[in-house]
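So for the sequence shown, the numbering used here puts the first residue at -14; every next one is plus one.
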Amino acid sequence: MPAQHPPRTSDLEPRAARLADVVTRQQQEIERLRAERDGGLLVPLAEGILVERLGYSPAEATAHLTDLAAKTGVAVPELAADLVAGAVRPPRAPTPGPGGMPDFARLPDGDAENSALLEEVRRTAGALAVALWQVQPDGALGLAGQTGLNLLEASRWRHLPVLLDCLPQRAARERRPHWLPEADITPGVPLLAADEGRARAVIPVTTSRGIAGVVEFVWPAPLPGFPPERRRRLTALAALCGREIMFSTQPTGALPALVGLLDSGLFARPRADESGQVTDFEIAQVGEDFEDPGGRSAQDLVGRGLTRVYPLLCAYGLADRSVEVLTSGSTAQLGPIPLVAQQGGTATPAMVDVRITRFLDGVRIGLTVGHDDHRLAELLHSLQHIARLGSWEHSVLTGEMTWTEQTFELFGLPASAGPVSWNELCTYVHPEDLTIVRAFQNSLLRQEAATVFRLIRPDGTHRQIRAHGEPVRSETGELIAVRGIYQDLSAQYQSQVALTATRDRLDASEHEVREQNRIARELQQAILPSAARPSGMDGLDVAVRYRPAAQEHKVGGDWYDATALPDGRILLVIGDVAGHGIGAATGMIGLRNALRGLAVTGAGPGRLLEWLNTTTFTVNQGITGTALCGLYSPGTRTLTWARAGHLPPILVRDGVAEQLPLPRGILLGAREGARFEESVLLLRTGDTLVLFTDGLIERRGVLLDDSLDRLALGAREAGTDVERISDKLLAEATSDTEDDSCLIVIRVAGPVTSA
-14 MPAQHPPRTS DLEPRAARLA DVVTRQQQEI ERLRAERDGG LLVPLAEGIL VERLGYSPAE
46 ATAHLTDLAA KTGVAVPELA ADLVAGAVRP PRAPTPGPGG MPDFARLPDG DAENSALLEE
106 VRRTAGALAV ALWQVQPDGA LGLAGQTGLN LLEASRWRHL PVLLDCLPQR AARERRPHWL
166 PEADITPGVP LLAADEGRAR AVIPVTTSRG IAGVVEFVWP APLPGFPPER RRRLTALAAL
226 CGREIMFSTQ PTGALPALVG LLDSGLFARP RADESGQVTD FEIAQVGEDF EDPGGRSAQD
286 LVGRGLTRVY PLLCAYGLAD RSVEVLTSGS TAQLGPIPLV AQQGGTATPA MVDVRITRFL
346 DGVRIGLTVG HDDHRLAELL HSLQHIARLG SWEHSVLTGE MTWTEQTFEL FGLPASAGPV
406 SWNELCTYVH PEDLTIVRAF QNSLLRQEAA TVFRLIRPDG THRQIRAHGE PVRSETGELI
466 AVRGIYQDLS AQYQSQVALT ATRDRLDASE HEVREQNRIA RELQQAILPS AARPSGMDGL
526 DVAVRYRPAA QEHKVGGDWY DATALPDGRI LLVIGDVAGH GIGAATGMIG LRNALRGLAV
586 TGAGPGRLLE WLNTTTFTVN QGITGTALCG LYSPGTRTLT WARAGHLPPI LVRDGVAEQL
646 PLPRGILLGA REGARFEESV LLLRTGDTLV LFTDGLIERR GVLLDDSLDR LALGAREAGT
706 DVERISDKLL AEATSDTEDD SCLIVIRVAG PVTSA
């Protein structure tokens, strides 16, 4: 759906912006032509006079009239009326010399007519001297006429090379006039009619094709300045004498050498606006072998602008890059650019490659048009290269073998070596695969076939090759050839081999891990029965539970112990070794057995944990974990306990459940020589004590205190039977870490009494 207002050029993509600029220029040209048409018959008559007098083409006459009107500040119809009213045919300039260029050697001071014109211009400007140079094909400036200079001065300024730093070359190069009320420039720069303080004006003469020449005015003394009115008058005088003299001596035909050099390209000169900015390029000559994508002849192209002839190519940067080439002298390439070309009178999709080079005072543009067959060939080449495919064909009738470029690459052979014949193929095949390849060749004589074999290249490397082919028969069914492809599968084959080896190693590792986990679980189950009821618990009801991890690889080091000691006390221990697997299980066994042995010494729980911590730096090196150790004395019903970084027990008394205050003690294996504080609890009949590991309560995203409160509530509401309490707490455990868990529930036997 079209927009209500056209988008701004700045909002468009660069390519669309260039195309919009082309359209804008053409619209402006249409408006200009309409305005000129409104001038009635005077404008066409004036243009006709310019064509007749100056040898202009109609387009050049129109541009000249418009340019002169703009520079003098006079409307086009008024200027046309003045030109028609005073039209007098001047004498023609001398005939161009050999090669089609003006013979400046015969005009050291200009001929009589040119000298008279320049002298009139000099007097009108009030100048001391006036000189006119014409831009040569190589960019140099050649003296076309002068007045006020002696013969020696004129000879010195006859030819100004491009690299000469002087005011005329600066004006031509910068495409702008230089106004110098008094000559004050860089020392060493030569000056026409040199004398300190002389005012001078150096004005480029422009046409639709760009800079055509330069006019320099020199005054005998400094001037107060160049006001706008004087600048307009001098610019008009420069344009008048420049066009009268230069264009009356220009050849009308193209240089023969130019046509030969163009070959399959075209030559275009720049068109500039009043400020000297190149706005377009005009096609001046077309090579004999040039192929226009639109199917147009050279006659249809010469004299027209690039933006009008190739608007789509200009949208892809043709005009912009041509300006860059003209300025820098570099070479530019564009494409491939998609467009619709005329081929045999039919419009077909094509791709155009553009090459731009600087040539004389313009640019040479070469267009290479590639149609679908060329594009398909490139596409096929790219496909074969990417897929590492090489094609081949064997003629059964002549025995000739044909290979593509990629086939030589697969075999590691230079193209100069020629393709390997049908019978020589087996010399490049691994000996173990010879039978496979011979069977493949025999099958191809009858039907389509495929195989895989190992290729031995001349450098000794092996490639895994997939071959696929089919027979080619004539219309009568006679076998005339077999053709097919070779594909290099080495990368895929090596990846598959590496993947298989990795999978085998992974399977072995998984089997080893499963075996280790199985052993760890069996060790735990052998030492920690999941629900064995301890015996010899004088005055205590004790229930123990061990719940292994949900996943075998997470079997950990949780452990417990409840046993009667020789001195009558009861050892109550629960702990958790860090880590999982067989290492954690064996570490747990080492700590459990060490503590059992140490407990018979009669030492208190704090001292036992100190010794147990020492073993983590000696016997059980590298082990860290938590533990809670308690010694219960049945006679006094006191529980003396200490902890090594473990969670606090929960005491349920008289219907109230609470955590016991924590004595100081860091985890086992954290610091050698650590001390562990002891705490004493006097138990009463009916008290329930719950010891547990963190696997019972830890939950992601839940605070530890909240989990402990929930466990205490469950213990309070679970009743008085230790077995039921144990089962209920395990069933209601909120842990989601899938870790293993240990639980000891202790109840002081006897009737419940009040405090």
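The C-beta atom is built at its ideal place from N, Cα and C for all residues, glycine as well. Model, not experiment: these values are computed from the prediction.
Which of the three DSSP states, helix, strand or coil, is assigned to residue i?
i: Asp88; result: Residue confidence is low: Asp88 scores 37 on pLDDT, short of 50, so the model does not pin down where it sits. Its coordinate-derived value is still stated next. Reduced to three states, the DSSP call for Asp88 is coil.
i: Met522; result: coil
i: Pro633; result: coil
i: Val308; result: helix
i: His49; result: helix
i: Ser494; result: helix
i: Thr353; result: strand
i: Gln426; result: helix
i: Val294; result: helix
i: Asp724; result: coil
i: Gln284; result: helix
i: Ala563; result: strand
i: Gly347; result: strand
i: Gly195; result: strand
i: Glu214; result: helix
i: Ser42; result: coil
i: Ile450; result: strand
i: Gln121; result: coil
i: Trp164; result: strand
i: Ile710; result: helix
Taking residue i and residue j to be in contact with their CB atoms under 8 Å, please state how far apart those CB atoms are, rounded to whole angstroms.
i: Leu145; j: Trp164; result: That belief does not hold up - the Cβ atoms of Leu145 and Trp164 are roughly 20 Å apart, past 8 Å.
i: Gly250; j: Gly351; result: 4 Å
i: Ala253; j: Ala269; result: 6 Å
i: Ser711; j: Arg577; result: The pair is not a contact, with the Cβ atoms about 20 Å apart (cut-off 8 Å).
i: Gly568; j: Tyr471; result: In fact, because the Cβ distance is near 54 Å, the residues do not count as touching under 8 Å.
i: Gly454; j: Ala424; result: Wrong, their Cβ atoms sit about 13 Å apart, outside the cutoff.
i: Trp377; j: Arg458; result: Going by Cβ atoms, the distance from Trp377 to Arg458 rounds to 18 Å, so no, they are not a contact pair.
i: Asp274; j: Gly290; result: Not confirmed; about 23 Å, so no contact.
i: Thr599; j: His631; result: About 18 Å; that fails the 8 Å criterion.
i: Thr623; j: Leu666; result: 7 Å
Under the rule that 16 or more other beta-carbon atoms within 10 Å means buried, what is residue i, buried or exposed?
i: Val585; result: exposed
i: Gln449; result: buried
i: His379; result: buried
i: Ser313; result: exposed
i: Ser692; result: buried
i: Pro443; result: exposed
i: Arg554; result: buried
i: Glu595; result: buried
i: Gln131; result: buried
i: Arg656; result: exposed
i: Tyr301; result: buried
i: Arg183; result: buried
CA-CA distance, residue i and residue j?
i: Ile729; j: Glu708; result: 10 Å
i: Leu319; j: Ser307; result: 11 Å
i: Leu324; j: Gly355; result: 10 Å
i: Gly615; j: Ala486; result: 53 Å
i: Ala452; j: Glu460; result: 26 Å
i: Asp799; j: Ser315; result: Residue 799 lies beyond the stretch modelled for the chain, which goes from -14 to 740, so this question has no answer here.
i: Ser260; j: Glu394; result: 58 Å
i: Thr742; j: Arg685; result: Because the chain here runs from -14 to 740, residue 742 falls outside it and cannot be looked at.
i: Leu126; j: Arg141; result: 12 Å
i: Ser664; j: Thr673; result: 17 Å
i: Pro166; j: Glu276; result: 53 Å
i: Arg592; j: Arg488; result: 51 Å
i: Val337; j: Thr353; result: 6 Å
i: Leu525; j: His496; result: 45 Å
i: Arg695; j: Pro519; result: 27 Å
i: Val558; j: Ile682; result: 18 Å
i: Glu390; j: Arg349; result: 34 Å
i: Cys299; j: Val339; result: 11 Å
i: Leu474; j: Asp418; result: 16 Å
i: Arg217; j: Gly227; result: 15 Å
i: Ala206; j: Ala116; result: 17 Å
Legend entry - Complete runs of the alpha helix (DSSP H) confined to the region 133 to 159 [at least 4 residues]: 136 to 141 and 152 to 159
Legend entry - Continuous alpha helix (DSSP H) assignments of at least 4 residues falling wholly in the region 371 to 407: 390 to 396
Inset, instruction - Scan the region 658 to 703 and note each continuous beta strand (DSSP E) run of 3 residues or more that stays entirely inside, going in chain order. - result: 663 to 667 and 673 to 677
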